[in-house]
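Following numbering that gives the first Met the number 0, the numbering of the sequence shown begins with 0 at its first residue and continues without gaps.
By construction, the Cβ of each residue, glycine as well, lies at the ideal position given by its N, Cα and C atoms.
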Amino acid sequence: MAFHLLLSRMNPSISACIFGNADTVLPDDEGITSDETSSSCDSPVKNLGGGSKFSFGCLSTSPKSYIPNDTVQPLSNDVILLSLERVVPEYLAIIASRPPSSSSGAFSEKEMRKMNKQFNLNKTVALQKLHDLTIKAHEYNRIPLLQTDKWDIIAALSTALIESCHQIIVGTDNQSMDENRRLICWTINNLSIPYENKATIVKGRSLILQALMMVIESNLPESYLACITINNLTFLADAIKPVALYVPPANDSGAVSSFPSLPKSRSSRQKYQANPLARQNTIRSRSFSTNGRSRSGLTKRSRSLSSNGLTVCCEGEGWDSEVIDNVLGNPSSLLRTIERMMVTNAPFLLSDVKSVQGEAIRWACGFIRNVTNGEEKIDSNVPSPRGRKGRIPDHSVESVCLLISRTEIPRLVIQFVRESPHPSVKWIKDSLEDICLGIICNIARFSSRESLIRAGAAECLEKIEALPGIHGYRARAVLVSLGALPKQF
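As structure tokens, then:
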């Protein structure tokens, strides 16, 4: 109650700071710096937003909010589509094409290597040109590219991403950054930025979530881009529950599809290949507390899946048990996939050196912060100060918070703050520590706060409450909610 009274005295701007500012983010200026001399001659709509010279600095801790480029003269969707029709079908055809086959024996090994090299080069060029159509300078293309019925760009990119992940050789330990996979993830992220596109992606298609989950589950270097995209999607209020509760669709045999991650060591890989269920059984044997019960005691398997793979959960009585079955009980669910990735990559956060693994955790935490944000009293058609568009009632947010409280995520969030190698002066907006404190504030609003108590939040926050500014204020507010401080702090 004290926490709610405290919040009621806040104005919207302060409240946004307390719970974490959740503006739509772009991956580090989209890797682009403006350069008129490098304008692509293949751009279907020229000289409206300038050219682009690529300078990839993908690990910035200060991503920019999405601000429409109002200096570009608006064009009608019909004009844009006419221009896009000249090039997009060709790009998508190249992206969807299959590599040359050597089964006929008509080509020598040297010729096949040359043909495969040219094939990969053509695909990379097509992906690069398609990506160029979605950058900030050409943002007017984003909605027409995705909303048209002349092609299905999301399906094409998602399929290409899944195929790219399948091509990884299990017998190699080196999972390096793949240029094609990076371009696919980056393009999907750019397309997910407009609110209209978020709704289309989440409500109409699940293949994209399957593809992004495959990247995360395989713990590939592009995981951070996949996490940014998932984070971006949840700035639309209507997307929070479908994404947070996502479970891959069942296959023909009735089993839920899963994407096994790639074991790091050769010995574990051999064990994995000998027994594909070994990892799944290991995950299921973990004991996650669910109201005093071990999760292993939950035997009921709910098959409440819609045709597009989104979990269908009922409001009111029985909602919690169904969520536990569909999400917590399934190691292939989005929430469990992100949880495992955070556990696996946590050691990378102990170093000051930025890494793609650390960035994946940071934006996975951004997703958790988004889905645990409470109701906002604003016009549902206007984005809020936190970047969210639409409303989600507190009872739905509370259900999501309770779901997350039954995972390892609250413990990890507390750990990331407690063991941060950075001084508090570097806990800037959207840093990992800032995001984690926002998650803690969100979870502390509801009965899910018990998970924070079990994770040692009080001891962690007592070291922060004396800090000046927003971080100390957040810590004191949470400590009041946890009963560790009197209401009149």
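Beta-carbon gap between residue i and residue j smaller than 9 Å
{"i": "residue 525", "j": "residue 215", "result": "The chain is shown from 0 up to 488; residue 525 falls before or after that span and cannot be answered."}
{"i": "residue 186", "j": "residue 235", "result": "no"}
{"i": "residue 402", "j": "residue 249", "result": "no"}
{"i": "residue 369", "j": "residue 239", "result": "yes"}
{"i": "residue 444", "j": "residue 397", "result": "yes"}
{"i": "residue 410", "j": "residue 350", "result": "no"}
{"i": "residue 399", "j": "residue 371", "result": "yes"}
{"i": "residue 478", "j": "residue 460", "result": "yes"}
{"i": "residue 127", "j": "residue 182", "result": "yes"}
{"i": "residue 426", "j": "residue 230", "result": "no"}
{"i": "residue 188", "j": "residue 224", "result": "yes"}
{"i": "residue 211", "j": "residue 155", "result": "no"}
{"i": "residue 440", "j": "residue 476", "result": "yes"}
{"i": "residue 404", "j": "residue 367", "result": "no"}
{"i": "residue 194", "j": "residue 332", "result": "no"}
{"i": "residue 237", "j": "residue 389", "result": "yes"}
{"i": "residue 115", "j": "residue 99", "result": "yes"}
{"i": "residue 119", "j": "residue 79", "result": "no"}
{"i": "residue 438", "j": "residue 481", "result": "no"}
{"i": "residue 431", "j": "residue 348", "result": "yes"}
{"i": "residue 164", "j": "residue 213", "result": "yes"}
{"i": "residue 463", "j": "residue 423", "result": "yes"}
Beta-carbon separation (whole angstroms), residue i vs residue j, contact threshold 8 Å
{"i": "residue 413", "j": "residue 455", "result": "6 Å"}
{"i": "residue 176", "j": "residue 247", "result": "Incorrect: roughly 25 Å between the Cβ atoms, too far for contact."}
{"i": "residue 160", "j": "residue 190", "result": "With a Cβ gap of about 13 Å, residue 160 and residue 190 do not count as contacting."}
{"i": "residue 88", "j": "residue 150", "result": "6 Å"}
{"i": "residue 123", "j": "residue 178", "result": "6 Å"}
Per DSSP, cross-strand counterpart(s) of residue i
{"i": "residue 235", "result": "388"}
{"i": "residue 210", "result": "In the DSSP output, where bridge partners are listed per residue, residue 210 has none listed."}
{"i": "residue 198", "result": "Answer by DSSP bridge pairing: none, since residue 198 is not bridged."}
Option in the options with minimal Cα separation from residue i
{"i": "residue 340", "options": "157, 400 and 355", "result": "355"}
{"i": "residue 158", "options": "477, 136, 475 and 205", "result": "205"}
{"i": "residue 166", "options": "88, 155 and 180", "result": "180"}
{"i": "residue 198", "options": "151, 146, 325 and 184", "result": "146"}
{"i": "residue 352", "options": "435, 78, 213 and 420", "result": "420"}
{"i": "residue 162", "options": "202, 196, 207 and 138", "result": "207"}
{"i": "residue 134", "options": "430, 105, 184 and 395", "result": "184"}
{"i": "residue 345", "options": "323, 391 and 416", "result": "416"}
{"i": "residue 233", "options": "338, 218 and 202", "result": "202"}
{"i": "residue 447", "options": "462, 395, 423 and 473", "result": "395"}
{"i": "residue 138", "options": "93, 196 and 107", "result": "196"}
{"i": "residue 125", "options": "152, 142, 334 and 484", "result": "152"}
{"i": "residue 337", "options": "105, 484, 218 and 485", "result": "218"}
{"i": "residue 142", "options": "77, 343 and 429", "result": "77"}
{"i": "residue 428", "options": "457, 418 and 468", "result": "468"}
{"i": "residue 357", "options": "106, 84, 107 and 226", "result": "226"}
{"i": "residue 433", "options": "320, 474 and 83", "result": "474"}
{"i": "residue 418", "options": "393, 458 and 321", "result": "458"}
{"i": "residue 84", "options": "148, 329, 97 and 136", "result": "148"}
Minimum Cβ-Cβ distance from residue i to chain B less than 9 Å
{"i": "residue 398", "result": "Of the chains in the structure shown, none is chain B; there is only one protein chain."}
The ligand SAM heavy atom lying under 8 Å from the CB of residue i
{"i": "residue 392", "result": "Only the bare structure without any ligand can be found here, which leaves the ligand SAM out of the picture."}
Legend entry - Length-filtered (4 minimum) alpha helix (DSSP H) runs lying within the region 103 to 137: Within the region 103 to 137, the runs of alpha helix (DSSP H) at least 4 residues long that lie entirely inside it are, in chain order, 108 to 131.
Legend entry - Inside the region 385 to 469 only - alpha helix (DSSP H) runs reaching at least 4 residues: DSSP runs (the alpha helix (DSSP H)) wholly in the region 385 to 469: 393 to 404, 408 to 417, 431 to 442, 448 to 453 and 456 to 461.
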